Amino acid sequence: CLLTGSALAQSSVTVQGLVDLSVGSVKMSGDKASTAAITPGGMTTSWVGFKGVEDLGGGLKAEFALTAFLRPDTGESGRFGGDTMFSRDANIALAGSFGRVSLGRDLAPSFLPVVIFNPYGDSFDVSPLVLHWYVPSGGFAARTWANSAAGDSGWSNEVIYSTPNFDGFSSNMHYQFGEKAGDTGTRNIGLNALYFNGPFALGAFYQKVQVSNPTGGSAIVDATAAPVSFASINNQTAYFVGASYDLTAAKLYATYTSSKNDTAAGKQMDDKIYSLGAKIPAGGGDILLAYANTKRNGSLTANTELKRDTMSAGYDYNLSKRTDIYGVLMSDKISTADRATSVIAGIRHRF
Amino acid sequence: CLLTGSALAQSSVTVQGLVDLSVGSVKMSGDKASTAAITPGGMTTSWVGFKGVEDLGGGLKAEFALTAFLRPDTGESGRFGGDTMFSRDANIALAGSFGRVSLGRDLAPSFLPVVIFNPYGDSFDVSPLVLHWYVPSGGFAARTWANSAAGDSGWSNEVIYSTPNFDGFSSNMHYQFGEKAGDTGTRNIGLNALYFNGPFALGAFYQKVQVSNPTGGSAIVDATAAPVSFASINNQTAYFVGASYDLTAAKLYATYTSSKNDTAAGKQMDDKIYSLGAKIPAGGGDILLAYANTKRNGSLTANTELKRDTMSAGYDYNLSKRTDIYGVLMSDKISTADRATSVIAGIRHRF
Amino acid sequence: CLLTGSALAQSSVTVQGLVDLSVGSVKMSGDKASTAAITPGGMTTSWVGFKGVEDLGGGLKAEFALTAFLRPDTGESGRFGGDTMFSRDANIALAGSFGRVSLGRDLAPSFLPVVIFNPYGDSFDVSPLVLHWYVPSGGFAARTWANSAAGDSGWSNEVIYSTPNFDGFSSNMHYQFGEKAGDTGTRNIGLNALYFNGPFALGAFYQKVQVSNPTGGSAIVDATAAPVSFASINNQTAYFVGASYDLTAAKLYATYTSSKNDTAAGKQMDDKIYSLGAKIPAGGGDILLAYANTKRNGSLTANTELKRDTMSAGYDYNLSKRTDIYGVLMSDKISTADRATSVIAGIRHRF
Chain A
1 CLLTGSALAQ SSVTVQGLVD LSVGSVKMSG DKASTAAITP GGMTTSWVGF
51 KGVEDLGGGL KAEFALTAFL RPDTGESGRF GGDTMFSRDA NIALAGSFGR
101 VSLGRDLAPS FLPVVIFNPY GDSFDVSPLV LHWYVPSGGF AARTWANSAA
151 GDSGWSNEVI YSTPNFDGFS SNMHYQFGEK AGDTGTRNIG LNALYFNGPF
201 ALGAFYQKVQ VSNPTGGSAI VDATAAPVSF ASINNQTAYF VGASYDLTAA
251 KLYATYTSSK NDTAAGKQMD DKIYSLGAKI PAGGGDILLA YANTKRNGSL
301 TANTELKRDT MSAGYDYNLS KRTDIYGVLM SDKISTADRA TSVIAGIRHR
351 F
Chain B
352 CLLTGSALAQ SSVTVQGLVD LSVGSVKMSG DKASTAAITP GGMTTSWVGF
402 KGVEDLGGGL KAEFALTAFL RPDTGESGRF GGDTMFSRDA NIALAGSFGR
452 VSLGRDLAPS FLPVVIFNPY GDSFDVSPLV LHWYVPSGGF AARTWANSAA
502 GDSGWSNEVI YSTPNFDGFS SNMHYQFGEK AGDTGTRNIG LNALYFNGPF
552 ALGAFYQKVQ VSNPTGGSAI VDATAAPVSF ASINNQTAYF VGASYDLTAA
602 KLYATYTSSK NDTAAGKQMD DKIYSLGAKI PAGGGDILLA YANTKRNGSL
652 TANTELKRDT MSAGYDYNLS KRTDIYGVLM SDKISTADRA TSVIAGIRHR
702 F
Chain C
703 CLLTGSALAQ SSVTVQGLVD LSVGSVKMSG DKASTAAITP GGMTTSWVGF
753 KGVEDLGGGL KAEFALTAFL RPDTGESGRF GGDTMFSRDA NIALAGSFGR
803 VSLGRDLAPS FLPVVIFNPY GDSFDVSPLV LHWYVPSGGF AARTWANSAA
853 GDSGWSNEVI YSTPNFDGFS SNMHYQFGEK AGDTGTRNIG LNALYFNGPF
903 ALGAFYQKVQ VSNPTGGSAI VDATAAPVSF ASINNQTAYF VGASYDLTAA
953 KLYATYTSSK NDTAAGKQMD DKIYSLGAKI PAGGGDILLA YANTKRNGSL
1003 TANTELKRDT MSAGYDYNLS KRTDIYGVLM SDKISTADRA TSVIAGIRHR
1053 F
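Chains as they are written, first to last, in this note's numbering: chain A, 1 to 351; chain B, 352 to 702; chain C, 703 to 1053.
Dropping the structure here:
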């Protein structure tokens, strides 16, 4: 009776999420000292939310997702102060034999290729590639390194068309409205492509970013005023190619990313990132090795080449299909600062 | 085992919500240009939350609702910046043969009559009546038209007594505490009445508003300083009558709303809104036609009559009981600005 | 099919919460006038959230909790403006025969002893002990009495080790990282112990607080500038002993709490709180009587002893195991202000 009623009422929506917390000593290159800390999301950014699928008949489905990032070390919502509540997912889609069309806040074109082609996946704490591409270094008012990606790992006001899977090949086409009155030329566009064939996988993205996220009107790269400001960048074109091959004894990863940035005043900055990685099964878990290297050039940085390299070595052990524990050692070096080392150990639980 | 335990633990609460997103070109009268945009809540404001009912025996039930509005285009919570998290519902009630008493944040007296007696229901984007009554036009710092209703579509710090249903007739009596120390005279009060008899329905509300929402201490109509400010209004008395008749070939709607506003300095402003509507079944969906007209007079507007009329023509098609798609064309005209046209197409999914 | 899939997907997480709302006239000693109000959380602070347990085999379990406080009178999230979203719980734990280790935001050492050893439990509105220990009096900019506890009822960035239960005895050891770069000496530490033996129970805590909550960088006691400021306090050591005995005709409670505060400039303030309580079964519910008395001394208050006593008399009646209604009369007296009386009646529903 009550049980049945409730189960039926619940049948269209599931509560899902992930809690990841680690303990460690964190110091990025450029930081003055190490910080002993509980860090949220060592391996995956923690989140919680609601998802549902409705079968509309004739092969057509309606799908929605409302999911929120959170920082379980303090209980704060979002990935950072000023993030929106449902910045991970706030979208609805129609899916069928034609593919899938979604509206709302959803992934940026760069997200899937970047997280699929490195052994640390979507770790915004210890994946060298993800750190270089998405995560600024240093506190907000004292950046030591601005991330390369413009316009966030998720896009608001977005339409995505996803193709069906053609023998392992699929592609997602992304469009974000700029939502400026009288201006339809300012917007974000991009696409990615993924190909899986047995042990081999290939991925690529291209994106052109002019609009900030999760809400508009901010700098697309980094609004920090000092000492490193790229707030004047108003246009970024980026592309990426990545591949992985599973030799069974080890899964190997390689990627190359390029971003070209322009300011209204005609200055520019080019970032080139390459990354290598390996995932090696051992002792019931995986040894995870990853390296990323960025070279930053252009008139915006006074034509002085800036370099950064970061490497992580870790071990991830599954307690179950849903719960794993891990330990990671990371070394980070910016050309203008000393090498710094972090070490974290944590637990990740999916529900 | 786990399943049973979980299902039992879940039996007292359900997760419910609605995601509505549309794509369109939006321009209200007074806007300088059209904006191409993803708009959240084209037909219904998106929301998600928790509801539960407990049978206490003897015909008595405890009911609660905690539901949050959200904007899935960006993932932001609330209807606007500064809205409270659970501004849609945050209340608990006891219900029985005597009727129902609820405490907390809940509907304003005006809400049910306004959304029941127009063919676009609770659309805060394209229902002419809802737009005129509840939604200010123009950006926050540049209002072109202030909405007529004072004190929001939901009231905080509220007690509602709802009568049982007497042969189709029911009434809700609302009281919102002003929560000012030493002052019990400043509060919101109101009531509404609804009558359903076969194809015919009748509704009315009366409300007297002195307290802002969702939190107190703000202007009750519109806090915008310029160019249109009604921040000095501290008292509004409003009433409404509406009717609908279902001819099967079409359901017809008509309403009349009057609001009288006073300022501490003795100025006043009177709004009179009438609206007409029709819902016409066609092709498995409904053609929706609606019109609203407001006349604004009084010393607060320098005794110059301001006028606004808005009309919407749309089509709503059900993909299932829970999911529909729609397209709407809207025309809006303020007497001091040019006529403007919007067009949106979207999808709404209930869960 | 859909039902089964959903029920299975749901099996690992439950939605839980509590809504408590009351109507009353509230005046604390030092307030200029009574306020007629809907108050959230008369008996328990309202909350909603997600909890889950996973059996990892071998007696090992993974547990998580993400729960949010809220104020259902207005729909606001958190206990106060600036609170974090999941300030009640945002943690993950591994539990087994060794005990339990948790990471994240969780209880402070003082919480369980304080709420277990008074008849009003975790009421932040009418439990005299909880009010004196945790809740400041007067509005934010016009404090009339600063609470005694430093560092909140929950701690962020925390590791807790909980012992197994040894014949009724258990203990929790708490450590909160200060998360200051290059400084591991600034942190919160504490522990509590609980002992249950038939009708008799005993509890104690010790804690040393240097870090503010729910986020760091604020004053640990009260940041209000005027007229009562303890923002310069940077170190508090506190301890507590409490006992209860259930005579069947009545359950009796007694506690003693001491806090010693230091400022960087060498000033200090000592609070001593004793409380007494009784829970007397009557008429199917419980009569609840409670009293707390605080004496405040030290150079920070110019060596003038400040005193406060508060008493509450109420009745709590269970409509079901999950829903109760209550009425409470409270009298509050600060030595520098007149005695003030509050009366509230409310309903509490667990789900």
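Where a beta carbon is used, it is the ideal one built from N, C-alpha and C, also for glycine.
Since the model is a prediction, treat every value here as computed from it, not as a measurement.
Item to check | His525 of chain B - partner residues in DSSP beta bridges | outcome: As DSSP reads the structure, His525 of chain B sits in a beta bridge with B:Ile511, B:Gly541.
Item to check | Own chain residues within Cβ distance below 6 Å of Leu680 of chain B, not counting five before or after | outcome: So the qualifying residues of the chain are Ala664, Val694.
Checklist entry - By the criterion of Cβ-Cβ separation under 7 Å, what are the contact partners of Thr535 of chain B in chain C? => result What Thr535 of chain B touches in chain C: Ala738.
Next on the checklist: Tell me the DSSP secondary structure of Val115 of chain A in three-state form.
Outcome noted: In this structure, Val115 of chain A counts as helix in the three-state DSSP scheme.
Item to check | Candidates C:Arg773, C:Thr846, C:Ala848, C:Pro916, of which the one nearest Val721 of chain C by Cα | outcome: When each option's Cα is compared against that of Val721 of chain C, the closest is C:Arg773.
Item to check | Buried or exposed (CB count within 10 angstroms, at least 16 for buried), Asn612 of chain B | outcome: Under a 10 Å Cβ-count criterion, Asn612 of chain B is classified as buried, with 16 or more other Cβ atoms of the shown protein chains found around its own Cβ.
Checklist entry - When every heavy atom of the ligand MN is checked, does at least one fall within less than 8 Å of the C-beta of Asn147 of chain A? => result The model depicted lacks the ligand MN and carries no ligand whatsoever.
Next on the checklist: For Ile676 of chain B and Leu657 of chain B, I'd like the C-alpha separation in whole angstroms.
Outcome noted: One C-alpha to the other measures close to 35 Å.
Checklist entry - What residue ranges within the segment 754–787 of chain C form continuous beta strand (DSSP E) runs of no fewer than 3 residues, ordered along the chain? => result Within the segment 754–787 of chain C, the complete beta strand (DSSP E) runs of at least 3 residues are 762–773.
Checklist entry - Which chain B residues sit within Cβ distance under 8 Å of Phe200 of chain A? => result For Phe200 of chain A, no chain B residue has a C-beta closer than 8 Å to its own C-beta; the minimum C-beta separation is roughly 35 Å.
Item to check | Cα-Cα separation, Asn644 of chain B to Lys684 of chain B | outcome: Each residue's CA atom was taken as its position, placing Asn644 of chain B and Lys684 of chain B some 10 Å apart.
Checklist entry - Taking the beta strand (DSSP E) that Tyr947 of chain C falls in, what are its first and last residues? => result Run containing Tyr947 of chain C: 935–948, per the beta strand (DSSP E) assignment.
Checklist entry - By how many angstroms is the C-alpha of Arg350 of chain A removed from the C-alpha of Asn318 of chain A? => result Approximately 12 Å, taken between the alpha carbons.
Checklist entry - Can you find at least 3 beta carbon pairs, one from the segment 950–965 of chain C and one from the segment 871–884 of chain C, that sit closer than 8 Å? => result They do not touch, by the three-pair rule.
Checklist entry - So Tyr253 of chain A is in the alpha helix (DSSP H); what residue range does that whole segment cover? => result That residue, Tyr253 of chain A, is in no alpha helix (DSSP H); its beta strand (DSSP E) goes 251–263.
Item to check | Residues near Thr371 of chain A by beta carbon distance below 7 Å, same chain, minus five either side | outcome: Here chain A covers residues 1 to 351 and nothing more, so residue 371 of chain A does not appear.
Item to check | Of the listed residues A:Gln16, A:Asn188, A:Thr163, A:Thr144, nearest to Thr215 of chain A (C-alpha basis) | outcome: Just measuring C-alpha positions, the residue of A:Gln16, A:Asn188, A:Thr163, A:Thr144 sitting nearest Thr215 of chain A is A:Asn188.
Next on the checklist: Between the alpha carbons of Gly892 of chain C and Tyr877 of chain C, how many angstroms are there, rounded?
Outcome noted: In this model, Gly892 of chain C and Tyr877 of chain C are separated by some 7 Å (Cα to Cα).
Next on the checklist: Quick check on the DSSP output: the beta strand (DSSP E) that includes Val370 of chain B runs from which residue to which?
Outcome noted: For Val370 of chain B, the enclosing beta strand (DSSP E) starts and ends at 365–377.
Checklist entry - When burial is assigned at 16 or more other CB atoms within 10 Å of the CB, is Phe902 of chain C buried or exposed? => result With fewer than 16 Cβ atoms within 10 Å of its Cβ, Phe902 of chain C is classed as exposed.
Checklist entry - Which residue from B:Ala501, B:Phe431, B:Gly636, B:Met394 puts its Cα closest to that of Ala589 of chain B? => result Among B:Ala501, B:Phe431, B:Gly636, B:Met394, the Cα nearest to that of Ala589 of chain B belongs to B:Ala501.
Item to check | Minimum C-alpha distance to Phe69 of chain A - residue among A:Phe86, A:Glu63, A:Gly57, A:Val53 | outcome: Selected option, being the one with the closest Cα: A:Phe86.
Item to check | Beta carbon proximity, Asp440 of chain B to chain C, threshold 9 Å | outcome: Any Cβ of chain C closer than 9 Å to the Cβ of Asp440 of chain B would place that residue at the interface, and such an atom is present.
Item to check | Buried or exposed by the 16-neighbour rule on C-beta atoms within 10 Å, applied to Gly138 of chain A | outcome: Around the C-beta of Gly138 of chain A, 16 or more other C-beta atoms lie within 10 Å, and the residue is accordingly described as buried.
Next on the checklist: Tell me the DSSP secondary structure of Pro391 of chain B in three-state form.
Outcome noted: It is a strand residue.
Next on the checklist: Below 9 Å on C-beta distance, what does Leu1095 of chain C contact in chain A?
Outcome noted: Because chain C is modelled from 703 through 1053, residue 1095 of chain C falls outside the range shown and cannot be assessed.
Checklist entry - Got a sec: is the Cβ-Cβ distance from Leu353 of chain B to anything in chain A below 9 Å? => result Any reading at Leu353 of chain B must be qualified, since the residue scores a pLDDT of 31, below 50, and its modelled position is unreliable; the value itself is stated next. Not closer than 9 Å to any Cβ of chain A, the Cβ of Leu353 of chain B fails to qualify, so no.
Item to check | DSSP-derived helix/strand/coil call for Leu640 of chain B | outcome: In the structure shown, Leu640 of chain B sits in a strand (DSSP, three-state: E or B).
Checklist entry - chain A beta carbons: is any one of them nearer than 9 Å to that of Ile511 of chain B? => result No, its Cβ sits nowhere closer than 9 Å to a Cβ of chain A.
Next on the checklist: Cβ closer than 8 Å: which chain A residues qualify as neighbours of Phe702 of chain B?
Outcome noted: In chain order: Ser12, Val13, Phe50, Gly52, Glu54, Phe64.
Checklist entry - Is the beta carbon of Leu194 of chain A sitting closer than 9 Å to the one on Leu112 of chain A? => result Judged by their CB atoms, Leu194 of chain A and Leu112 of chain A are nearer to each other than the 9 Å cut-off.
Next on the checklist: Within 10 Å of its beta-carbon, does Asn372 of chain A have 16 or more other beta-carbons around it, so buried, or fewer, so exposed?
Outcome noted: Any answer about residue 372 of chain A is impossible in this case: the structure gives chain A only from 1 up to 351.
Checklist entry - Using a C-beta to C-beta distance shorter than 7 Å, which residues of chain C count as neighbours of Ala33 of chain A? => result Neighbours of Ala33 of chain A on chain C, chain order: Ala883, Gly884.
Next on the checklist: Could you pull the DSSP bridge partners for Asn793 of chain C from this structure?
Outcome noted: Asn793 of chain C pairs with C:Ala767, C:Gly806.
Checklist entry - Between Ala843 of chain C and Ser931 of chain C, what straight-line distance do the alpha-carbon atoms span, to the nearest angstrom? => result For the pair Ala843 of chain C and Ser931 of chain C, the Cα-to-Cα distance works out to about 10 Å.
Checklist entry - Which bits of chain B does Pro109 of chain A rub up against, with CB to CB less than 7 Å? => result Under the 7 Å cutoff, chain B gives no residues; its nearest Cβ is about 17 Å from Pro109 of chain A.
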